[in-house]
Amino acid sequence: MLEISVRKIAQVILMARELDRAESELRGFLEDLNEDEAASLVAVMWIGRDSFTSDDLEEAIETAKNEATTPTVDYLLGTPHLSDHLENGLAELGLDASEDEDDLIRGV
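Residue 1200 is where the sequence shown starts when you use our numbering, and the numbers rise one by one after that.
Encoded structure:
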């Protein structure tokens, strides 16, 4: 089970798409996540880039917690195609962030 809301993942997706403009905002947002949220976010990204399958979500979360040798913020910001991987990971898990993304863009 994910320990982070789809809305928070949508926020990361939106900021990651505008990384040149929003890196400091994204960095601050990621630094504010608790350990469980950060591990879930990394797990979704891994599922989206096919390092794990959706059936392996719990294992991916545990791996993210146990193998966090680099600060999560630096790890995620250094990941090419972060927004794509997050969207793909959510899709693999049967989740969709598009409504949350739309709401965030509209300021709802």
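Note that the Cβ used here is the ideal one computed from N, Cα and C, for glycine as well.
Looking only at C-alpha atoms, which of the options sits nearest to residue i?
i: G1306; options: A1209, I1203, L1201 and D1283; result: A1209
i: D1281; options: M1214, D1255 and E1291; result: A small fix is needed here, since residue 1281 is Leu in this sequence, not Asp. Of the listed residues, the one whose Cα sits closest to L1281 is M1214.
i: E1286; options: E1224, I1246, E1217 and D1231; result: I1246
i: S1297; options: N1265, L1232 and V1211; result: V1211
What separation, rounded to the nearest whole angstrom, lies between the Cα atoms of residue i and residue j?
i: Y1274; j: A1267; result: 9 angstroms
i: D1235; j: E1258; result: 13 angstroms
i: L1276; j: R1226; result: 8 angstroms
i: F1228; j: L1292; result: 23 angstroms
i: N1265; j: S1250; result: 16 angstroms
In chain order, what residues of the same chain lie with their CB nearer than 8 angstroms to the CB of residue i, ignoring the 5 residues before and after it?
i: D1178; result: The shown model of the chain, from 1200 to 1307, leaves out residue 1178, and the question about it has no answer.
Can you name, in chain order, every residue of its own chain whose Cβ lies under 7 angstroms from the Cβ of residue i, other than the five neighbours on each side?
i: A1263; result: A1238, V1241 and A1242
i: D1299; result: V1205, R1206 and A1209
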